[in-house]
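Numbering (the working numbering), first residue to last: 696 to 1332.
Reviewing the structure listed below.
Structure follows, in structure tokens:
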């Protein structure tokens, strides 16, 4: 343990005090067509990693392993609990599919710099599409298949996408989701810039594709496009060339397109796979996430493949497909070395199988560690799963914006002693501080705003797509010289970071960040709603879920149960089922300050049963009585 801490601290120091040497050394672990001579061009609030270098990320993830004689090694294991299908794709097979689909994209007019929206379920073709875009220098923007048409349209429009790659549908326990009508709606709403839609047909879904839409896009069958295409080689791009744009909720309700560069990302992920996760060639890495989220980008697709490892792609749930032993089956059958999932998944298993009886049916001795991220890992769950699996449990913390872990327990160094409730220590390149609201450092152990000194390390974003000012306003303006994470927490005397929660109005539902502002906008569309406020309340399974407090227009006679049903359906249609929205409380008035500010924090504290202090500026203290009384009735669970 002491050696691990010593090695970790030495590397952390070098990454800051001998920055060029440290990161240029890390950069030698990937292939460059023009190797970097400089690590960074740092201009304060803007910076570029490896500014004079060129590479291709798809080549690094696939081609170079084949050229090194590892073409028959498994690259991807697809395990579908929904269809009972399991298949292994070698690096050679993946290269063939990627190069051919890159040719299909090229044949349909996609070139370097063009944006391609990938709206796919968890099937191997999603990985192929992402890598094919990277192969020709196109910029992919993956949208989670659960998003509704309006949300998909907003992302297509903001990215300026000219091509969409999709599938005929996705599978959820007990239901199928037909993507084609959703996509047709999105194309009609997005403004008509999409020229081509390429669709992978899946069994059990309608096979007839539209010849066009109201927006004028041409629909193409994936298999036909692949068959007709010629494989193409890689396009070398500048290190700062965008690899992808990934949208995350903004506090205004408008999605922010987080831009990921190519060179810095490849270097950071390669370093993280070896040093954080302890993964290399021959290992099997499973990130139980979705390619629509940043975890899927970094640790289903790019990270494991850059490391030359085998990545598991799982279509299913931790429970219900068919039972709470699903994860243990996947580990046993595929000899998984490291599992990365969300605390929500582990809590779901805990809820159904508290004694881990199903675990006894499977041989999980291949598992070396369990990594968790997405929301705060409560100590109870940490201890429960650690004792059950008898492997190290690592709570690590990062964001869509950073692309990889800000703080973690680096198993590649041998691991530092863990602390329940902590995401361990800041990783190389991350200089983490805790500041008060005025930007002053707080004492050790005292909670405050978690910030990161600029520049951010390789792999992290420094841009919002199409809006540099929005990046600065969202992340750099609150504390000049620092990136504001939007989270609160503290550092203890050993340098361990404890992340306690969000400091803004973005809530975290099972690891998915959702804007309360966006939810409020949707609820306000209902003809009976006069005013509404949405807060994130505690949920034993998902970490948080949204709860709406609404006031109604005068004279409204809609029964509350009917109103509740309509509001839930409205959010599901406009935002998608990912919002997990089902709690509505009708009030005569919302609690506000005299200046008109809605007291969201106080409302949340009351519902969560936390101590609260009535603000001195409250307009009418009796307004809180109805919220307090609601604690005695059953809130949906």
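No residue lacks a Cβ here, since even glycine has one placed at the ideal position from N, Cα and C.
Assigned exposure category for residue i - 16 Cβ within 10 Å defines buried
i	result
residue 1290	Confidence in residue 1290 is poor, its pLDDT being 45 and thus under 50, which makes the residue's placement unreliable; the coordinate value appears in the next sentence. Residue 1290 is exposed by the Cβ-count criterion.
residue 909	Confidence at residue 909 is low in this model, with a pLDDT of 49, below 50, so the placement of that residue should be treated as unreliable; the coordinate-derived value is given next. Exposed.
residue 1117	buried
residue 1323	exposed
residue 870	exposed
residue 1133	exposed
residue 1249	exposed
residue 846	buried
residue 922	exposed
residue 713	exposed
residue 1240	buried
residue 958	buried
residue 973	buried
residue 739	exposed
residue 1094	buried
residue 927	buried
residue 1308	exposed
residue 1172	exposed
residue 1220	exposed
Cut-off 7 Å between Cβ atoms - residues of its own chain near residue i, not counting five sequence neighbours on either side
i	result
residue 1030	979, 1061
residue 1142	1183, 1184, 1185, 1195
residue 756	826, 997, 1000, 1001
residue 884	844, 845, 848
residue 1235	1042
Pairwise C-alpha distance: residue j and residue i
i	j	result
residue 795	residue 1088	40 Å
residue 760	residue 767	10 Å
residue 835	residue 953	12 Å
residue 940	residue 1278	32 Å
residue 947	residue 1213	The predicted model places residue 947 with a pLDDT of 48, which falls under 50 and marks its position as unreliable; any figure quoted below should be read in that light. Roughly 7 Å separates the two Cα atoms.
residue 1114	residue 1071	13 Å
residue 1344	residue 1247	Shown here, the chain extends from 696 to 1332; a query on residue 1344 therefore has no answer.
residue 1192	residue 1091	10 Å
residue 1012	residue 868	8 Å
residue 819	residue 985	12 Å
residue 715	residue 707	13 Å
residue 720	residue 777	44 Å
residue 1006	residue 981	6 Å
Close beta carbons around residue i, own chain, < 8 Å, minus the five adjacent residues each side
i	result
residue 785	766, 767, 768, 769, 770
residue 811	800, 805, 824, 828, 833, 834, 835, 836, 856, 857, 858, 859, 860
residue 863	873, 874, 875, 894, 895, 896, 897, 900, 901, 902
residue 1274	1204, 1209, 1214, 1241, 1266, 1267
residue 1028	774, 781
residue 737	1150
residue 1074	1115, 1116
CB contact flag (residue i, residue j, <8 Å)
i	j	result
residue 932	residue 1148	no
residue 752	residue 898	no
residue 1108	residue 702	yes
residue 1211	residue 1229	yes
residue 1054	residue 1083	yes
residue 1161	residue 853	yes
residue 1035	residue 994	yes
residue 1270	residue 1294	no
residue 987	residue 840	yes
residue 930	residue 807	yes
residue 830	residue 802	no
residue 693	residue 971	This structure cannot settle anything about residue 693, because the visible part of the chain is limited to 696 through 1332.
residue 1019	residue 1058	no
residue 1069	residue 1037	yes
residue 1237	residue 965	no
Same chain, Cβ closer than 6 Å to residue i, five either side skipped, listed in chain order
i	result
residue 1041	1076, 1080
residue 905	914
residue 718	734
residue 935	743, 956
residue 1243	1218, 1227, 1229, 1279
residue 1297	1307
residue 1101	1092, 1093, 1125
residue 990	982, 984
Minimum Cβ-Cβ distance from residue i to chain D less than 8 Å
i	result
residue 719	This model lacks chain D altogether, as it is built from one protein chain only.
Legend entry - Secondary structure, alpha helix (DSSP H): runs of 4+ residues fully inside the region 1146-1220: When DSSP assignments are scanned along the region 1146-1220, the uninterrupted stretches of alpha helix (DSSP H) that are 4 or more residues long and fall wholly within it turn out to be 1163-1166, 1211-1218.
Legend entry - Runs of beta strand (DSSP E) wholly within the region 983-1041 (minimum 3 residues, chain order): Runs found: 1005-1010, 1033-1036.
Legend entry - Complete beta strand (DSSP E) runs within the region 796-844 (minimum length 3 residues, chain order): As for any beta strand (DSSP E) of minimum length 3 sitting wholly inside the region 796-844, the runs are 810-814, 834-837, ordered along the chain.
Legend entry - Unbroken stretches of the beta strand (DSSP E), 3 residues or longer, contained in the region 1073-1106: Within the region 1073-1106, the complete beta strand (DSSP E) runs of at least 3 residues fall at 1088-1090.
Inset, instruction - Within the region 1230-1277, note down every full alpha helix (DSSP H) run reaching 4 residues or more, in order along the chain. - result: Entirely contained in the region 1230-1277, the alpha helix (DSSP H) runs reaching 4 residues are, in chain order, 1255-1269.
Legend entry - Inside the region 843-919 only - beta strand (DSSP E) runs reaching at least 3 residues: Note on the region 843-919: whole beta strand (DSSP E) runs with a minimum of 3 residues are 858-862, 864-867, 870-873, 891-895, 913-916, in chain order.
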